[in-house]
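Undergrad: Take this structure first; my questions come after.
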Amino acid sequence: MADTSTARNRIAWIVLAVLVLGAVAFSLWPRPGADSVAGRTRSLAREFRCVDCEGLSVADSQTASARAARVEIRRRLEAGESEAEVRAYFVDLYGESVLLKPEGTGIGLVVWALPVVAVILAGAGIVVAVRRGRRTPRLRATDEDEALVARALGAEHGTDDRADDGDER
Amino acid sequence: MESAIGVLAIAIGAGASIVGIASLLLGLRRSDDRLLATGRRCVLAVLLASILAVGVMEWALITHDFSIRYVAENNARSTPLLFTVTGLWAALEGSILLWVLILAVYIALTVRHFRDRASEPLVVWATIVMLGVSLFFFLLVLGPANPFELTPGGAPVDGRGPNPLLQNHPLMAFHPPMLYLGYVGFTVPFAFAMASLITGSVGEGWLADTRRTTLVAWGFLSLGIVLGAWWSYEVLGWGGYWAWDPVENASLLPWLTATAFIHSVMVQERRAMLRVWNLSLVIATFCLTILGTFLTRSGVVNSVHAFSQSSIGGWLLAFLALSAGSGLALIAWRGDRLRAPGRIDSALSREAFFLGNNLLFVAFAFVVLLGTVFPLIAEAVQGTQLSVGEPYFDRMTVPLGLALLFLMAVAPVLPWRAASGEVLRRRLLVPAWIGGALFVATLVFLARSLPTALAFGLGAFTISAIVQETWRTVRARSRADAVGRGRAAWRTLASNPRRYGGLTVHIGVVCIAVAIAASNTFATKAEIRLRRDASVTVDGYRFTYEGSRTTRSAQKTTVSADVRIERGDRDLGTYAPSVSTFPNSNQAIGTPSVRTGLTTDVYLTLVSSPNARGRITLGVSVFPLVVWIWIGGALIGLGTAVALVPARTRRVLPESTPAPVEEPV
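So the protein sequences, as listed, match chains R and E. If you use the working numbering, the first sequence corresponds to residues 2 to 170, in order. If you use the working numbering, the second sequence corresponds to residues 586 to 1250, in order.
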């Protein structure tokens, strides 16, 4: 009885995993036909800083220069330029600070790589610390402790089920 | 006259801080209770002095006393009363004054709370540290950020009035004070952390002592951030609520480390582990509030929210260095006492998941900090001008946020120490299926966007896990106590408000995550030009331009366009996006008009007023689920309040330091 329910549980998890992975594969499958120019314009416009307002992208700002920039992006994409070429055009015009997403070269690499490296190192550090903590037992029960536990167990029999209870009362 | 009283009040406050620190130090050394009592009375003096200073400033604002420069610059005779009162936090000097007042209130409440333990070294030292912080802020308003400075050349006939953006929406009355209540509140846990290091009582005592204050500060900061997003959405009119602007980042940074702390603190209470880590988080949180103030007030980074700049940058930087340096030095000095007696038994345990949570939150904070200061670093190192904006933050933080959502789904179900994989598989099956189904459905039917589908799926996973887990507990309680479900639910909540308050906060966070994902993925934005009585349909909504009005007041001149919104044959009402011009600014300020709905917001902006031929240009956006961000914020506030309620039945475990543990053999 317990075995069949365990097996059923396992099957349910496997089916779920297959479904989720299938959906992921479906979403990553290349779609027929490229994105629309409007969609590409919008996503590219988000990458450029509006040059005459603080902190907003060309996509979000309504100033005249942002408007002109959106038109320019669209025109260039329609003329068949690639995203990289449009980016290069804006960088030539306004300097590298027009990109809200620094390029992953030169000093810009730092802002991308540093957090990733730090997370990997910290994660590894935690794993190592936990492993080491587990290898070296810090507590050793003395005879006195054992006697105490035996007495306590004798007095009160197995009422503590807290370890299995998600509720932290 | 008022200026003199104000400066005097500040000077008294600074003096009382110094006398308080000195008499507490002496009282501690000589074990002299009378000196300690004098020190405590100084706290009262600090409070009264700051109330007086703020009162004088408000009086000066309300009576339009333009002989004070701050009033002349942030108030005008035409400023409405509400924005006259909020003028206190419309610029740097007044904001620091508000900071001083809130800090004094926190110190006074803390000292009052601990009046029965007033001669305990931990409490005395904490008071000394808090008075030290207040001394610093008093010196700021006495020196570089003096709000009572006189107007050079005498009082003008009229003042300049607050920045147009700051006199445009009533949220201005709530958002900044909430933020400050959060920011400043972290001074208390910081002071107790420092005190525990100084006195060497580095056990769990200081955690229990400051748990509530930390939660209060955290709750206010959360509300402040959400209200800030709301303000941005309702006032700035670009259609968003979060732009990864330096000022927004500055408020998010301490929130992230404080959230990490609120979680990891439970590990220390329960297992006596992570002592150094928790002390570091508290000290980091305090330092980040100072760093945030430095970044946004010193003018080193540009921001839409930074409404003033001054020379206090150097002061803040020095204070930041002092706080961080002394914190680190104290931790190093007490290193031997901080060794943790506990250990992690299993990766499938709540404490292990809390560690994961902490790693992610700190990584999140690191990304936000790095992105915010990186342009400065790049310019200092290479002299190159770089920008770091939304695309960077989105790319880096979305994976972290999704991983946090996953932990949020699983961790509350996990027991301490170790779980059996078997039990976990059983408990999580139904929630995982609900989440998985929504994930698959989103990808197949709604959008081929993995992050969005993950946010929806993990959100559903989290909420159903919480509901199932709570239901299980209530049912068990109902059986054990032989009472009805309703009463059992009440008893479950009352027995552990901290847990259920926390879970309520989690549900609020899920609401916000789902709303952010939905409003980013499924938004429609368009610009339409309309003649009078003409209409255009966007995304199923019909917009009809019904005419425009111009209203003039001394405060501003507003042009608004009446636009009727219809969906199908349902009339959703007339909305009036507007553009205002203020006499003190040559920039026109647009005010959006938002039709808020439970599923969809329709967001209108007036891009250009009627031209010669009577045509207007409207910005029209349709955002799904945005209102759930504000609902989520309210849930976070509610959950925090619930978590502050003391449990009805006392915990079985004592809250004091666990029994000393033998050194490793």
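Every residue gets a Cβ at the ideal spot worked out from N, C-alpha and C, and that includes glycine.
Using DSSP with H/G/I as helix, E/B as strand and the rest coil, what is Phe775/E?
TA: The residue given as residue 775/E occupies position 190 in the second sequence. Phe775/E: helix per DSSP, three-state reduction.
Undergrad: I'd like to know whether the C-beta atoms of Leu806/E and Gly744/E end up nearer to each other than 9 Å.
TA: Mapped onto the second sequence, residue 806/E falls at position 221. Mapped onto the second sequence, residue 744/E falls at position 159. No; because the gap between Cβ atoms is not below 9 Å, this pair is not in contact.
Undergrad: So Phe1208/E is in the beta strand (DSSP E); what residue range does that whole segment cover?
TA: Working through the second sequence from its first residue, we reach residue 1208/E at position 623. Its beta strand (DSSP E) spans residues 1201-1209.
Undergrad: Give the DSSP bridge partners of Tyr977/E, in chain order.
TA: Indexing the second sequence from 1 puts residue 977/E at position 392. In the DSSP output, where bridge partners are listed per residue, Tyr977/E has none listed.
Undergrad: Tell me the DSSP secondary structure of Arg11/R in three-state form.
TA: Along the first sequence, read from residue 1 onward, the residue named residue 11/R stands at position 10. Helix at Arg11/R.
Undergrad: Measure from the C-beta of Val889/E to each C-beta in chain R and report whether the shortest distance is under 9 Å.
TA: Sequence index remark: in the second sequence, residue 889/E carries index 304 (1-based). Model confidence at Val889/E stands at a pLDDT of 49, short of 50, so the residue's coordinates are unreliable and nothing is read from them.
Undergrad: Quick one, which of Ser1194/E, Val1099/E, Val801/E has its alpha-carbon nearest Arg1083/E's?
TA: Here the question's residue 1083/E lines up with position 498 in the second sequence. Closest option to Arg1083/E, Cα to Cα, is Val801/E.
Undergrad: At a CB distance below 7 Å, what residues from the segment 104-130 of chain R approach chain E? Give them in sequence order.
TA: Cβ contacts with chain E come from Ile108, Gly109, Val112, Leu115, Pro116, Ala119, Val120, Ala123, Gly124, Ile127.
Undergrad: Run the CB neighbour count on Ser588/E, radius 10 Å, all protein chains shown included, and call it buried at 16 or more, exposed below.
TA: Along the second sequence, one-based indexing puts residue 588/E at 3. Ser588/E should be labelled buried.
Undergrad: Just reading off the beta strand (DSSP E) that Phe939/E is part of, what are its end residues?
TA: Sequence index remark: in the second sequence, residue 939/E carries index 354 (1-based). No beta strand (DSSP E) holds Phe939/E; the alpha helix (DSSP H) holding it covers 935-967.
Undergrad: Along chain E, in chain order, which residues have C-beta atoms closer than 9 Å to that of Val77/R?
TA: The residue labelled residue 77/R in the question sits at position 76 within the first sequence. Checking the sequence, you will find Arg at residue 77/R rather than Val. Neighbours of Arg77/R on chain E: none; closest Cβ ~19 Å, over 9 Å.
Undergrad: Return the residues of the segment 939-972 of chain E that lie within a Cβ-Cβ distance of less than 7 Å from chain R, sorted by chain order.
TA: Here the close residues are Leu940, Leu944, Ala948, Phe951, Val952, Leu955, Gly956, Phe959, Ala963, Val966, Gln967, Thr969, Gln970, Leu971, Ser972.
Undergrad: When we look at the beta-carbon of Phe1251/E and count the other beta-carbons within 10 Å, is it buried (16 or more) or exposed?
TA: Because chain E is modelled from 586 through 1250, residue 1251/E falls outside the range shown and cannot be assessed.
Undergrad: Closest to Ile1101/E by CA distance: which of Thr1089/E, Ala1173/E, Ala828/E is it?
TA: Indexing the second sequence from 1 puts residue 1101/E at position 516. Among Thr1089/E, Ala1173/E, Ala828/E, the Cα nearest to that of Ile1101/E belongs to Ala828/E.
Undergrad: Return helix, strand or coil for Glu1151/E, following the three-state DSSP convention.
TA: Residue numbering aside, residue 1151/E sits at position 566 when the second sequence is read from its first letter. DSSP places Glu1151/E in strand when its eight states are reduced to three.
Undergrad: In chain R, which residues lie less than 7 Å from Pro976/E when you measure between Cβ atoms?
TA: The residue labelled residue 976/E in the question sits at position 391 within the second sequence. Within 7 Å Cβ-Cβ: Arg47, Glu48, Leu101, Lys102.
Undergrad: Can a CB atom of chain R be found closer than 9 Å to the CB of Asp617/E?
TA: Residue mapping note: residue 617/E aligns to position 32 of the second sequence, counting from 1. Chain R, which has no Cβ nearer than 9 Å to the Cβ of Asp617/E, makes this no.
Undergrad: For the pair the segment 1045-1059 of chain E and the segment 994-1014 of chain E, tell me if three or more CB-CB distances fall below 8 Å.
TA: Segments in contact, yes.
Undergrad: Which first and last residues belong to the alpha helix (DSSP H) in which Ile868/E is found?
TA: Translated into the one-based positions of the second sequence, residue 868/E becomes position 283. Segment 860-882, the alpha helix (DSSP H) holding Ile868/E.
Undergrad: Quick one: grab the DSSP three-state call for Ile783/E.
TA: The residue labelled residue 783/E in the question sits at position 198 within the second sequence. Residue state, collapsed to three classes: helix.
Undergrad: What residues match up with Lys1141/E in a beta bridge as DSSP calls it?
TA: Position 556 of the second sequence holds residue 1141/E. DSSP lists no partner for Lys1141/E.
Undergrad: Under 7 Å between beta-carbons, which chain R residues line up against Arg1033/E? List them in chain order, please.
TA: Position 448 of the second sequence, counted from the start, is the residue given in the question as residue 1033/E. The contacting residues are Ser28.
Undergrad: Tell me whether the segment 1078-1094 of chain E and the segment 1000-1019 of chain E touch, counting them as touching only if at least three CB pairs, one residue from each stretch, are closer than 8 Å.
TA: In short, these stretches do not touch, since the Cβ pair count stays below three.
Undergrad: Quick one: what's got a C-beta closer than 8 Å to Ala740/E's C-beta in the same chain, skipping five residues either side?
TA: The count along the second sequence starts at 1 and reaches residue 740/E at position 155. Once the five neighbours on either side are set aside, the close Cβ partners of Ala740/E are Asp650, Phe651, Ser652, Ala657.
Undergrad: Between Glu705/E and chain R, is the shortest Cβ-Cβ distance under 9 Å, so that the two count as touching?
TA: Taking the second sequence and counting its residues from 1, one reaches residue 705/E at position 120. Chain R contact via Cβ: absent.
Undergrad: Please determine if the segment 892-911 of chain E and the segment 98-107 of chain R are in contact, where contact requires at least 3 C-beta pairs separated by less than 8 Å.
TA: No contact exists between the segment 892-911 of chain E and the segment 98-107 of chain R.
Undergrad: Does any C-beta atom of chain E lie closer than 9 Å to the C-beta of Ser62/R?
TA: Indexing the first sequence from 1 puts residue 62/R at position 61. With 9 Å as the cut-off, Ser62/R counts as an interface residue toward chain E.
Undergrad: Comparing the C-beta of Thr7/R with each C-beta of chain E, is any distance below 9 Å?
TA: The residue labelled residue 7/R in the question sits at position 6 within the first sequence. Yes, contact with chain E.
Undergrad: Of all the options Ala932/E, Gly1044/E, Ser1145/E, Trp1018/E, which has the alpha carbon lying nearest to the alpha carbon of Gly1217/E?
TA: Looking up residue 1217/E in the second sequence gives position 632. Checked all of Ala932/E, Gly1044/E, Ser1145/E, Trp1018/E; the closest Cα to Gly1217/E is Gly1044/E.
Undergrad: Please name the residues in the segment 1109-1143 of chain E whose beta-carbon is closer than 9 Å to at least one beta-carbon of chain R, in chain order.
TA: Residues passing the 9 Å Cβ filter: Lys1110, Glu1112.
Undergrad: Cα-Cα, which of Ser1163/E, Ala601/E, Arg1198/E is closest to Leu1191/E?
TA: Locating residue 1191/E in the second sequence gives position 606, counting from the first residue. Measuring from the Cα of Leu1191/E, the nearest candidate turns out to be Ser1163/E.
Undergrad: Can you find a C-beta in chain E that's less than 9 Å from the C-beta of Ser37/R?
TA: The residue labelled residue 37/R in the question sits at position 36 within the first sequence. Taking Cβ atoms only, chain E never reaches closer than 9 Å to Ser37/R, which makes this a no.
Undergrad: Counting along the chain, where does the alpha helix (DSSP H) carrying Leu609/E start and finish?
TA: On the second sequence, residue 609/E is found 24 positions in, with the first residue counted as 1. Per DSSP, Leu609/E belongs to the alpha helix (DSSP H) from 587-615.
Undergrad: Have a look at the DSSP bridge pairing and note the partners of Leu1189/E.
TA: Here residue 1189/E refers to the residue found at position 604 when the second sequence is read from its first residue. According to DSSP, Leu1189/E bridges with Ser1178/E, Val1205/E.
Undergrad: Gly40/R touches chain E at which residues, Cβ-Cβ below 9 Å?
TA: Here residue 40/R refers to the residue found at position 39 of the first sequence. Ordered by position in chain E, no residue passes the 9 Å Cβ test against Gly40/R, which lies about 12 Å from the chain.
Undergrad: Just the C-alpha distance for Ala845/E and Thr784/E, rounded to the nearest angstrom, thanks.
TA: Here residue 845/E refers to the residue found at position 260 when the second sequence is read from its first residue. Here residue 784/E refers to the residue found at position 199 when the second sequence is read from its first residue. Answer to the nearest angstrom: the Cα atoms are 25 Å apart.
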